[in-house]
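Accompanying notes for the structure given below.
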Amino acid sequence: MAEDNNNEIESLDPRISRASLTGGNHNDVDGLIHFQTFEVFHQSKRGTHHKHVGIVHAPNPDMALLYAKEQYARREKTANIWVAPSSSISSTEYEDDDIFSTTPEKLYRNPASYKVMDRIQAWKEREKKSTDET
Amino acid sequence: MDSIAALKELLYKIADDQLIIGHRNSEWTGLGPILEEDIAFSSMAQDKLGQSEHIYNLLNQLGEADADTVAFTRNAPQFHCSQLAELPIGGYDFSLIRHFLFDFAEYLRFEALKTSAYQPLAQVAKKFFGEIKYHTMHANTWVHQLGKGNEESNSKMQESLNYAWNYALGMFEPGPAEDVLIKENIFIGEKALQDQWLAVITPLLENSELTIPAKADWAPIYGGRTGTHTEYLQPLLSEMTEVYTIDPSADW
Chain X
49 MAEDNNNEIE SLDPRISRAS LTGGNHNDVD GLIHFQTFEV FHQSKRGTHH KHVGIVHAPN
109 PDMALLYAKE QYARREKTAN IWVAPSSSIS STEYEDDDIF STTPEKLYRN PASYKVMDRI
169 QAWKEREKKS TDET
Chain C
256 MDSIAALKEL LYKIADDQLI IGHRNSEWTG LGPILEEDIA FSSMAQDKLG QSEHIYNLLN
316 QLGEADADTV AFTRNAPQFH CSQLAELPIG GYDFSLIRHF LFDFAEYLRF EALKTSAYQP
376 LAQVAKKFFG EIKYHTMHAN TWVHQLGKGN EESNSKMQES LNYAWNYALG MFEPGPAEDV
436 LIKENIFIGE KALQDQWLAV ITPLLENSEL TIPAKADWAP IYGGRTGTHT EYLQPLLSEM
496 TEVYTIDPSA DW
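So the sequence lines, in the order shown, correspond to chains X and C. Counting in the working numbering, the first sequence runs from 49 upward without gaps. Counting in the working numbering, the second sequence runs from 256 upward without gaps.
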């Protein structure tokens with residue numbers, strides 16, 4: 049299994065892979081040295097969002113679900129769990145993170161700046177009136 | 256035998272099975288094949304200990320000693336666990352096969368107990384049903400995975416199944432008062448449970464390309480329910496009760 053090649057870290061954990069460590073066999077799934085990883089998404093209540101909570105190693109989705117339940121739902125209130133192969137996740141590059149720094153002077157992009165409450169109120173009153181009349 | 260004595264006998268065998276298989280399975284902690292499986296298997300072992308404590312508490316309400324005393328001060332001949340539960344963990348193939356055979360029996364036992372006329376037991380059965388259901392999912396997923404894996408994994412699982420089979424049939428050793436439990440609607444009885452169990456596990460094993468031993472070779476290993484145990488139980492008890500023996504008031 050783990051060969052002694054100059055203390056390099058071997059892992060399939062994408063977080064470690066992203067650390068761009070040189071050498072090692074981070075992605076040697078075919079060599080059956082490691083299982084692949086699955087990203088785990090946890091939903092605490094029906095109707096709410098699934099939130100990413102971490103990963104599990106597993107040979108297939110069925111077993112990933114088994115492990116996700118024990119690793120991430122053992123102590124939390126849980127309604128549902130998703131797993132997806134880590135390899136199916138695409139991501140932006142950190143070196144391109146400047147794409148997220150947009151200029152702030154665009155109030156029209158902020159829904160809070162729309163003055164709609166008066167129109168909603170008026171619509172509600174119209175609705176109420178029409179149901180009262182029927 | 257009156258119905259209270261029959262009920263106690265039922266509760267002792269359920270709780271002792273859970274305590275002993277829970278302790279056995281906890282022996283894998285730190286040694287599991289991968290971290291995730293280690294955590295899952297250890298967590299299920301803890302579930303079993305928790306379930307046994309609840310059943311011992313029911314016995315306590317019926318006049319038996321408290322849970323710790325009952326769990327930690329008896330010797331092997333006073334235990335009612337099936338011999339299947341006490342066998343050493345062996346390889347992971349055997350531990351998984353035992354997990355599969357035992358947990359499907361427990362699942363069906365608790366399914367039946369959910370409607371027991373003895374209300375406190377029915378409540379406990381409902382409370383633990385989700386845990387036990389997960390245990391069967393875990394067991395079946397693994398058995399399926401390895402049964403259909405490759406030639407080596409299939410033959411290891413098949414050998415373990417052959418070895419475990421007559422011990423597993425021993426889980427359904429009839430109690431001294433099956434008729435009382437059935438008549439009072441406390442429990443459906445071991446015979447009915449075994450029939451249900453066979454009906455559930457047969458297609459699952461077939462689907463995993465594993466074969467139940469031929470019926471002519473079935474020879475249930477009874478005795479566990481009445482205190483006849485393998486040589487493996489007493490060493491387990493000695494280890495399990497080590498701390499309690501040194502200091503019965505130890506708290507952890």
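Virtual Cβ for every residue (Gly too), placed ideally from N, Cα, C.
Practice item. Starting from the C-beta of Arg480(C), find all residues in its chain whose C-beta is less than 6 Å away, skip the five residues before and the five after it, and write them out in chain order. Key: Sequence index remark: in the second sequence, residue 480(C) carries index 225 (1-based). Cβ within range, chain order: Lys268, His335, Glu428.
Exercise for review: List the endpoints of the continuous alpha helix (DSSP H) containing Pro133(X).
Suggested key: Here residue 133(X) corresponds to residue number 85 of the first sequence, with the count starting at 1. No alpha helix (DSSP H) holds Pro133(X); the beta strand (DSSP E) holding it covers 128-133.
**Study point:** Proximal residues of chain A, C-beta to C-beta of Thr284(C) below 8 Å
**Key:** No chain A appears in the structure shown, which is made up of the protein chains X and C.
Review point. Which ranges would you report for the beta strand (DSSP E) in the segment 146-170 of chain X if only whole runs of at least 3 residues count?
Key: Counting only runs of 3 or more, we get nothing.
Review point. When DSSP labels each residue in this structure, what does Ile259(C) get in the three-state scheme?
Key: Within the second sequence, the letter at position 4 stands for residue 259(C). Residue state, collapsed to three classes: helix.
Practice item. At 7 Å on the CB atoms, spell out the chain C contacts of Gln119(X), in chain order. Key: Start at 1 with the first residue of the first sequence, and residue 119(X) comes out as number 71. In chain order: Glu291, Ile294.
**Study point:** Residue-chain proximity (Lys263(C), chain X), Cβ-Cβ < 8 Å
**Key:** Walking along the second sequence from the start, residue 263(C) turns up at place 8. Not an interface residue.
Exercise for review: Give the interface partners of Phe83(X) over in chain C, defined as CB-CB distance under 8 Å, in chain order.
Suggested key: Residue mapping note: residue 83(X) aligns to position 35 of the first sequence, counting from 1. When 8 Å is used as the limit between beta carbons, Phe83(X) is near these residues of chain C: Ile289, in chain order.
Point to revise | Anticipated Cβ contact below 8 Å, Ala423(C) with Glu264(C), distance rounded | key: Taking the first residue of the second sequence as position 1, residue 423(C) is located at position 168. Taking the first residue of the second sequence as position 1, residue 264(C) is located at position 9. Between Glu264(C) and Ala423(C) the Cβ distance is about 20 Å, and since that is not below 8 Å, they are no contact.
Practice item. Taking the CB atoms as reference points, tell me whether Asn440(C) and Ala377(C) lie closer together than 8 Å. Key: By one-based count along the second sequence, residue 440(C) stands at place 185. By one-based count along the second sequence, residue 377(C) stands at place 122. Taking C-beta atoms as the reference points, Asn440(C) and Ala377(C) fail to come closer than 8 Å.
Exercise for review: Would you tell me roughly how many angstroms separate the C-alpha atoms of Tyr389(C) and His484(C), rounded to the nearest one?
Suggested key: Along the second sequence, one-based indexing puts residue 389(C) at 134. Along the second sequence, one-based indexing puts residue 484(C) at 229. Those two C-alpha atoms are separated by around 29 Å.
Exercise for review: Grab the span of the beta strand (DSSP E) containing His100(X) for me, first residue to last.
Suggested key: If you number the first sequence from 1, residue 100(X) lands on position 52. Boundaries of the beta strand (DSSP E) harbouring His100(X): 99-106, taken from the DSSP string.
Practice item. Could you name the residues of chain C that Ala106(X) contacts, counting a contact when the two beta carbons are closer than 8 Å? Key: Here residue 106(X) refers to the residue found at position 58 of the first sequence. Scanning chain C for C-beta atoms nearer than 8 Å to the C-beta of Ala106(X) yields Glu291, reported in chain order.
Exercise for review: Taking Ser298(C) as the query, report the chain X residues whose CB atoms sit under 7 Å from its CB, ordered along the chain.
Suggested key: In the second sequence, residue 298(C) corresponds to position 43, counting from 1. Per Cβ cutoff of 7 Å: Glu118, Arg122.
Review point. Between Met111(X) and chain C, is there a C-beta pair that is closer than 8 Å?
Key: Along the first sequence, one-based indexing puts residue 111(X) at 63. With a threshold of 8 Å between beta carbons, Met111(X) makes contact with chain C.
Point to revise | Distance, Asp166(X) Cα to Arg157(X) Cα | key: In the first sequence, the residue the question calls residue 157(X) occupies position 109. In the first sequence, the residue the question calls residue 166(X) occupies position 118. In a straight line, the C-alpha of Arg157(X) is about 20 Å away from that of Asp166(X).
Check your understanding: At least one CB of chain C closer than 8 Å to the CB of Leu114(X): is that the case?
Key -> Taking the first residue of the first sequence as 1, we reach residue 114(X) at position 66. The beta carbon of Leu114(X) sits closer than 8 Å to some beta carbon of chain C.
Check your understanding: Could you give the distance in angstroms between the alpha-carbon of Leu488(C) and the alpha-carbon of Val88(X)?
Key -> As a position in the second sequence, residue 488(C) is number 233, starting the count at 1. As a position in the first sequence, residue 88(X) is number 40, starting the count at 1. Going from the Cα of Leu488(C) to the Cα of Val88(X) covers about 40 Å.
Check your understanding: Does DSSP put His82(X) in a helix, in a strand, or in coil?
Key -> As a working note, residue 82(X) is residue 34 in the first sequence. In the three-state DSSP reduction, His82(X) falls in the coil class, being neither helix nor strand.
Exercise for review: Reducing DSSP to helix, strand and coil, say where Phe296(C) ends up.
Suggested key: For the purposes of this step, residue 296(C) is identified with residue 41 of the second sequence, where counting begins at 1. It is helical.
Review point. Does DSSP classify His335(C) as helix, strand or coil?
Key: Here residue 335(C) corresponds to residue number 80 of the second sequence, with the count starting at 1. The three-state reading of DSSP puts His335(C) in coil, since its state is none of H, G, I, E or B.
Check your understanding: Can you name the residues that DSSP bridges to Glu87(X)?
Key -> Numbered from its first residue, the first sequence carries residue 87(X) at position 39. Residue pairing by DSSP places Glu87(X) opposite Ile103(X), Ala132(X) in a beta bridge.
**Study point:** Separation of Ser463(C) from Leu363(C), as counted between CA atoms
**Key:** Your numbering for residue 363(C) matches position 108 in the second sequence. Your numbering for residue 463(C) matches position 208 in the second sequence. Leu363(C) and Ser463(C): Cα-Cα distance of roughly 20 Å.
Point to revise | Within chain X, the residues that Thr396(C) reaches when beta carbons sit closer than 8 Å | key: As a position in the second sequence, residue 396(C) is number 141, starting the count at 1. From the beta-carbon of Thr396(C), the residues of chain X found nearer than 8 Å are Asp110, Met111, Leu114.
Review point. Just the Cα atoms here: how many angstroms apart are Thr391(C) and Ser504(C)?
Key: On the second sequence, position 136 is the one that residue 391(C) refers to. On the second sequence, position 249 is the one that residue 504(C) refers to. Between Thr391(C) and Ser504(C), the C-alpha separation is close to 36 Å.
Review point. Is it the case that the Cβ atoms of Ile294(C) and Gln84(X) are separated by a distance below 8 Å?
Key: To locate residue 294(C), count along the second sequence from 1; it is residue 39. To locate residue 84(X), count along the first sequence from 1; it is residue 36. In this structure, Ile294(C) sits away from Gln84(X), with a CB-CB distance that is not shorter than 8 Å.
Review point. Can you name the residues of chain X whose CB is closer than 7 Å to the CB of Tyr389(C)?
Key: Translated into the one-based positions of the second sequence, residue 389(C) becomes position 134. Result: Lys117.
Practice item. Closer than 8 Å by beta-carbon distance: list the chain X residues that pair up with Met392(C), in chain order. Key: Translated into positions along the second sequence, residue 392(C) becomes position 137. Within 8 Å Cβ-Cβ: Leu114.
Check your understanding: Roughly how many whole angstroms lie between the Cα atoms of Met498(C) and Arg94(X)?
Key -> As a first step, residue 498(C) is located in the second sequence; it is residue number 243 there, counting from the start. As a first step, residue 94(X) is located in the first sequence; it is residue number 46 there, counting from the start. The question names Met, yet the displayed sequence has Val at residue 498(C). Rounded to the nearest whole angstrom, the C-alpha separation of Val498(C) and Arg94(X) is 44 Å.
Check your understanding: Nearest chain X C-beta to Gln400(C) closer than 8 Å, yes or no?
Key -> For the purposes of this step, residue 400(C) is taken as the residue at position 145 of the second sequence. Residue-level contact check: Gln400(C) touches chain X, since one or more beta carbons of chain X fall below 8 Å from its beta carbon.
Check your understanding: Taking just the CA atoms, how far does Asp145(X) sit from Asn395(C)?
Key -> On the second sequence, residue 395(C) is found 140 positions in, with the first residue counted as 1. On the first sequence, residue 145(X) is found 97 positions in, with the first residue counted as 1. When rounded, the separation of the alpha-carbon atoms in Asn395(C) and Asp145(X) is 45 Å.
Point to revise | For Ser149(X) and His100(X), the rounded distance between their alpha carbons | key: Translated into the one-based positions of the first sequence, residue 100(X) becomes position 52. Translated into the one-based positions of the first sequence, residue 149(X) becomes position 101. Using only the alpha carbons, I get a separation of about 24 Å.
Practice item. Measure the C-alpha to C-alpha separation of Lys172(X) and Thr179(X) and round it to an integer number of angstroms. Key: Numbered from its first residue, the first sequence carries residue 172(X) at position 124. Numbered from its first residue, the first sequence carries residue 179(X) at position 131. Roughly 11 Å between the two C-alpha positions.
**Study point:** Member of Gln316(C), Gly345(C), Met495(C), Asp502(C) whose CA lies at the smallest distance from the CA of Ile259(C)
**Key:** Translated into the one-based positions of the second sequence, residue 259(C) becomes position 4. Nearest in C-alpha terms to Ile259(C), of all of Gln316(C), Gly345(C), Met495(C), Asp502(C), is Gln316(C).
Exercise for review: Give the range of the alpha helix (DSSP H) segment to which Asp358(C) is assigned.
Suggested key: What you label residue 358(C) is simply residue 103 of the second sequence in a count that begins at 1. Counting along the chain, the unbroken alpha helix (DSSP H) around Asp358(C) starts and ends at 347-368.
Review point. Nearest to Glu486(C) by alpha carbon, out of His309(C), Leu453(C), Asn312(C), Pro343(C)?
Key: On the second sequence, position 231 is the one that residue 486(C) refers to. Minimum Cα distance to Glu486(C) is reached at Pro343(C).
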